[in-house]
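See structure below.
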Amino acid sequence: MRRTRSPGASTRRRTGVVAAAVLAAGLVTPPLADAQESTVDSTANSQIAALQAVKAGQTATESKIDSKLLVQEKMRTRSLSAAALPGLGKTADKALVDIRVTKVSDGLVNDLRKAGAEVRAVSSTAASIRADVPLAALPEIAKRGDVKHVETADQAMTARQRENKNGTETKQQKADRIDRQLKEAIGTKTQVVSAGDRAHNADTARQQFGVTGTGVKACALSDGVDSLEVSRTKGELPAVDVLTGQAGSGDEGTAMLEIIHDLAPNAKLGFATAFTSDASFADNIRKLRFEAHCDVIVDDVIYFKESPFQDWIIAQAVNDVTADGALYFSSAGNEGNVADGTAAHWEGDFVDSGVSIGKFAGTAHNFAGAAGNQVYEPISDASSASIPVTLHWSEPIGAASDDYDLYLLDARGNVVSFSQDVQNGTQDPYEQLATPLFGGTGLRLAVVKFSGASRYLSLTAFGSRFRDSADGLKAYSTPGAVVGHAAARKAFAVAAAPAEAAFGRPLEPGDPANPTGPYPAAYSAASKAERFSSDGPRRMFYEANGTPITPGDVSSTGGEVRQKPEITAADGVHTSVSGFDPFFGTSAAAPHAAAIASLVLSGNPGLSSSDIREAFLKTAVDIEAPGTDNLTGAGVLLADKVLAYTGASPQPYAEAGQPTVRGPSGGSTLNPGDTATVTLPVKNTGDGTAVSTSVVLTSPTQGVTIEPRAKSYGTISPGQTGINDFTVTVPASQQLGSPVVLTAKVTFAGSYSPRTSTFSLPVGTPSPVSQAFAYSGPAVAIPDNSQLGASVPLVVSGVGPASKVSLSIDGATCSTAEKATTVGIDHTYVNDLVGTLTSPSGATATLFQKGGGSGNNLCQVVFDDSATKLFSSAGSGDAPYTGTYRPVAAQSQLGASADGTWTLKVVDTTGGDTGSIRSVSLHVNGYVSAGHPADVHKTVTTGPVRPQLA
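Count the sequence shown with my numbering and you get residues 15 to 964, in order.
In structure tokens:
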């Protein structure tokens with residue numbers, strides 16, 4: 015399984031108390047000789063003393079710092095002896111942290127940078143900043159009144175299940191592979207179709223009901239879309255709307271998008287990474303809905319800090335978009351289930367074992383409950399390497415006053431990892447540790463209530479399994495492995511069932527065979543869920559704002575029990591993406607469900623999310639246990655059944671395209687006082703025929719007249735375009751460069767009617783004189799892997815309204831040398847960069863995002879709206895990068911006024927490579943003044959001479 019996880023465990027207090035107390039109490043433990051017991055007790059007590067000294071001297075400021083980080087800093091400064099805690103290993107000088115604050119401000123961000131922090135991501139909504147921070151700077155940062163807590167950075171994992179666990183690629187290896195695949199893809203069209211298309215009856219459903227996803231935008235969040243250009247070049251994907259700077263790293267997103275496109279081929283697609291930080295994940299969920307206008311959103315990511323008992327920042331974002339009408343799908347997870355004996359999840363009320371811990375009042379939890387007294391939960395030896403383990407309990411987020419701790423011990427009773435932060439009323443009810451990098455034999459967990467009331471607990475070892483140990487410990491697991499935002503009320507948590515061949519290896523040695531799928535047939539009642547698929551249900555105790563759902567009862571008899579997962583969909587399918595052939599895990603299942611939802615929306619525009627939920631649950635094919643169950647929900651989806659239930663039908667989607675102008679003299683220029691012919695195309699991109707199609711063309715521009723106001727376009731078949739002419743008269747008083755705005759309202763018989771589009775027609779004769787405004791300041795360093803980026807100003811004056819804008823990244827001598835001073839932008843791995851241009855009005859256009867692979871430096875590059883190819887098509891072999899490229903978003907849309915300060919911003923989205931902005935220019939054409947002839951082929955520059963634009 016592919017995962018990313020937090021650094022090592024907490025190191026503050028009572029390292030060996032569990033081992034000492036448990037051994038002294040004579041509970042279920044490994045058989046050790048008396049001398050060995052004495053050694054263990056002595057080691058534990060000495061470590062406890064060292065950690066208690068840290069706690070005793072802790073200041074109010076230090077209490078705001080994650081205990082793991084605080085101990086690391088004290089060991090670094092030798093105020094805490096490393097010899098006293100030999101198991102902690104060598105400390106680093108810096109740490110990746112999440113700084114939770116009362117409010118994000120420019121002053122705070124600037125002060126962090128002055129303190130040596132490298133800011134990675136900033137979220138104003140979640141009031142969180144992710145940064146690499148020197149340990150020495152932590153006390154000063156925590157001292158600030160606007161800083162609430164400094165935490166070890168929350169980490170995440172996707173729900174992909176790997177058949178093999180080969181090592182990951184280096185950055186260079188990945189760049190070389192994508193470069194090679196992009197070259198091979200040119201001129202070669204492929205068609206790798208997910209077996210889920212057949213197994214879900216989506217292929218026949220599209221034919222039967224005539225729906226293809228038209229009118230719907232489906233968007234994914236995952237790790238990244240590194241091979242997006244490869245998939246597009248091969249014809250596996252259409253254009254994808256990637257949020258600026260949010261392409262991420264990895265290719266799970268690309269594989270998910272291919273699945274959606276296979277089942278809903280006419281749906282528009284979008285993407286944003288979920289891996290920058292937990293707060294950025296939440297921000298991107300909202301951006302996909304409220305900025306990119308996605309109708310269906312799907313992800314396959316879990317952050318370890320996500321509470322199982324309350325909607326945290328990510329689930330709150332899901333709540334926001336579903337409240338606005340979006341459909342949200344999330345992977346149920348691959349954390350196993352009780353039915354198959356594959357789970358590493360336990361939840362239930364704290365049971366006091368009666369074992370006092372050290373000098374304190376704390377006691378260990380008894381996992382056996384009424385069946386006995388066992389304070390250990392054994393982890394399987396076969397899946398014990400580098401496993402993140404989380405402990406949550408039933409208190410409100412940000413208001414925990416009951417203090418629980420989490421310990422990992424080896425078979426000899428030694429504490430090898432632990433997490434024991436203080437909870438005294440303002441912290442989160444959460445502890446997390448990680449098992450050793452290479453795992454171990456006989457590892458087991460212990461939960462200690464240090465102080466406070468008994469609470470309902472949730473313990474999860476992600477990617478592992480609780481399993482009986484060789485020395486007699488019994489594993490205890492319970493249902494409920496589905497946690498986090500997938501458990502939001504209106505989200506769909508999606509379980510997995512194989513579509514085709516079985517998962518290619520035993521989950522652990524000695525496991526039974528994995529199930530196979532029905533392909534080339536469709537799912538039926540005989541189908542089986544994947545043995546790794548997470549089970550539910552999910553018991554929730556608090557509303558998102560911390561209000562108790564059942565006041566006074568936060569135990570196993572209280573709260574709200576949510577049915578999770580709701581539905582099951584296909585995994586084990588093929589994609590064209592390298593490394594995702596086949597693609598297993600609930601990561602693959604969720605996009606199949608999202609694609610079927612896209613078909614439903616396409617054939618039933620305006621259908622409510624509650625109606626779609628009903629259709630899914632009513633028509634799913636019941637598999638596994640009879641009725642709705644905690645492993646597969648209502649069952650596996652069949653697209654034809656859902657579409658029949660909702661009464662889906664092919665819908666027309668007629669929309670106006672860009673108009674063309676024919677002026678009085680036959681040219682395309684529109685001048686003040688002109689009466690011109692405007693030809694307006696209307697294309698039906700839908701699945702159904704657009705009948706009774708008409709257009710009402712109006713203008714909010716004062717003094718403009720349009721004749722006729724309305725015209726009939728008649729019947730437009732799918733894929734066809736209708737054309738009509740309108741006469742537009744521009745008032746003589748219209749200012750040069752002030753555009754005429756046209757509003758085209760297209761009506762037709764269909765649920766998507768009407769469709770309204772707005773167009774701007776430039777007024778005036780564009781000047782052939784291109785004026786260049788160069789940045790003349792010093793080189794500006796681009797921060798490595800930071801959303802803050804680097805910016806340079808480009809001051810324009812004396813132009814007035816702009817008829818054309820382009821930007822050049824200049825340079826006198828082009829080379830691939832690192833830190834070259836004669837290029838426009840020097841940077842290793844240009845693929846890391848995202849460039850945007852912002853006009854004086856604040857409008858922003860993305861110039862380039864991805865592209866260039868591992869090549870170095872941009873030099874004499876022009877971004878011109880009239881160019882044909884995007885920079886994303888450039889490969890490593892094209893370095894140093896020169897030539898003309900089309901920007902991702904047209905610069906001509908940046909507004910009419912050119913005078914003022916424009917800003918070029920360049921962001922480095924991936925760590926490990928650096929560079930600077932050195933030499934760039936903005937090229938602006940104005941309009942020819944009335945009565946003045948145009949000077950053809952003239953270029954005027956301010957500052958150094960730059961490449962002349964064609």
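Each residue gets a CB set at the ideal place from its N, CA and C atoms; glycine is no exception.
Are at least three pairs of beta-carbons, each pair with one atom in the segment 432-452 and one in the segment 345-355, less than 8 angstroms apart? no
Which residues in the same chain as SER771 place their Cβ atom closer than 7 angstroms to its Cβ, once the five residues preceding and following it in sequence are excluded? GLU669, ALA670 and ALA758
Would you check if there are 3 or more beta carbon pairs closer than 8 angstroms linking the segment 248-265 to the segment 273-283? yes
In this structure, how does DSSP classify ASN870 when only helix, strand and coil are distinguished? coil
Cβ neighbours of GLN50 in the same chain (closer than 8 angstroms, five flanking residues each side left out): The predicted model places GLN50 with a pLDDT of 39, which falls under 50 and marks its position as unreliable, so this point remains unresolved.
Just the Cα atoms here: how many angstroms apart are ALA558 and GLU721? 55 angstroms
Within the segment 100-136, note down every full beta strand (DSSP E) run reaching 3 residues or more, in order along the chain. 108-115
Using DSSP's beta-bridge definition, name the partner residues of VAL675. VAL692
Taking only three categories from DSSP, how would you classify ASN380? coil
Just how far apart, CA to CA, sit GLY466 and ARG212? 55 angstroms
Give the DSSP-derived three-state secondary structure of GLY267 in the structure shown. helix
Could you check if PRO523 is buried or exposed, using at least 16 other CB atoms within 10 Å of its CB as the buried criterion? exposed
Opening and closing residue of the alpha helix (DSSP H) in which SER81 lies: 81-90
Based on Cα-Cα distance, which residue from ALA74, LYS108, THR75 and LYS78 lies nearest to MET89? LYS108
Mind checking who VAL754 pairs with in its DSSP beta bridge? LEU775
Please tell me whether ALA608 and PHE343 are closer than 8 angstroms, where the distance is taken between their beta carbons. yes
Measuring CA to CA, which of THR741, ASN333, VAL429 and ALA346 is closest to PRO678? THR741
Less than 8 angstroms between the C-beta atoms of THR377 and GLY368, yes or no? yes
If we call anything under 8 angstroms between Cβ atoms a contact, is ALA170 one with PHE289? yes
Just the Cα atoms here: how many angstroms apart are VAL508 and ASP297? 22 angstroms
Between ASP217 and the rest of its own chain, which residues show a CB-CB distance below 7 angstroms, the 5 nearest in sequence each way excluded? ASP211
Cα separation between PHE594 and ASP739? 50 angstroms
In terms of residue numbering, what span does the beta strand (DSSP E) encompassing LYS197 cover? Unbroken run through LYS197 is the alpha helix (DSSP H), 185-199; no beta strand (DSSP E).
Pull up the CB-CB distance for ASP193 and GLY838, whole angstroms please, since I reckon it's below 8 angstroms. 22 angstroms between Cβ atoms; not a contact.
Residue interval of the alpha helix (DSSP H) (run including ILE730): Unbroken run through ILE730 is the beta strand (DSSP E), 724-730; no alpha helix (DSSP H).
Report, in whole angstroms, the separation of the C-beta atoms of SER398 and LEU457, which I expect to be a contact under 8 angstroms. 5 angstroms
Quick check on this structure: which residue in ASP688, SER853, GLY641 and SER731 has the alpha carbon closest to the alpha carbon of PRO664? SER731
For the segment 109-128 and the segment 148-168, state whether three or more C-beta atom pairs, one from each stretch, are separated by less than 8 angstroms. yes
Taking 7 angstroms as the limit between beta carbons, can you name the residues of its chain near VAL332, skipping five residues before and five after? ILE299, TYR342, HIS499, ALA502 and ALA505
Taking the runs of the alpha helix (DSSP H) that are 4 residues or longer, which of them lie wholly in the segment 566-633? 600-617 and 623-633
Quick one: Cα of ILE718 to Cα of ALA786, how far? The amino acid at residue 718 is misidentified as Ile; the sequence shows Val. So the alpha carbons of these two residues sit roughly 34 angstroms apart.
With DSSP run on the structure shown, which of helix, strand or coil describes PHE517? coil
Residue nearest to GLN434 in terms of C-alpha spacing, selected from GLY412, ASP424 and LYS463: LYS463
Based on the DSSP output, what are the partners of CYS233 in its beta bridges? GLY284 and ILE311
Identify every residue that forms a DSSP beta bridge with SER472. GLU361 and HIS406
To the nearest whole angstrom, what separates the beta carbons of SER408 and PHE555, a pair I think is in contact under 8 angstroms? 5 angstroms
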